[in-house]
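Report on the structure given below.
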Amino acid sequence: MYAIVEIQGQQFKVEQGNKLFVHHIKDVEAGKTVEFDKVLLVDADGAVKVGAPTVEGAKVVCEVINPLVKGDKVIVFKMKRRKDSRKRNGHREQFTQVEVKSVIA
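The numbers in the sequence shown follow my numbering, run straight up by one, and end at 121.
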């Protein structure tokens with residue numbers, strides 16, 4: 017059984033036991049459970065339910081493993097040719113690591 021769920025504006029394909037890095041969720045602690053109810057599609061052994069826009073009564077229950085994980089450094093480099101104009105900037109995204117405990121459909 018798997019589901020397509022929308023978390024923090026991104027869509028993820030989740031199954032029980034998967035570990036995901038989602039955009040940082042504020043005010044969560046390690047070991048707490050988080051429920052996501054924007055389930056767009058559920059496949060239960062070949063029986064596919066597609067929501068319009070979401071599947072009624074379906075939700076994904078996750079446990080927070082690490083509330084704040086810093087991602088890889090992203091370098092933003094802008095340059096205009098022959099103008100001696102260069103700009104170098106960078107940042108590190110912040111994620112929350114969760115593990116999918118169950119998919120309820």
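All residues carry an ideal CB built from backbone N, CA and C; glycine is no exception.
Per-residue burial, residue 64 [other beta carbons within 10 Å of its own, 16 or more giving buried]: Taking a 10 Å sphere around the C-beta of residue 64, we find fewer than 16 other C-beta atoms and assign the residue as exposed.
Option in 26, 39 and 92 with minimal Cα separation from residue 83: Per the Cα distances, 39.
Where residue 32 falls: helix, strand or coil (DSSP): Of the three classes helix, strand and coil, the one that applies to residue 32 here is coil, per DSSP.
As assigned by DSSP and simplified to three states, the class of residue 17: Looking at residue 17 - three-state DSSP - the assignment turns out to be coil, as it is neither helix nor strand.
Meets three-Cβ-pair contact criterion under 8 Å: the segment 73 to 83 and the segment 45 to 61: The answer is yes - the segment 45 to 61 touches the segment 73 to 83, with three or more Cβ pairs under 8 Å.
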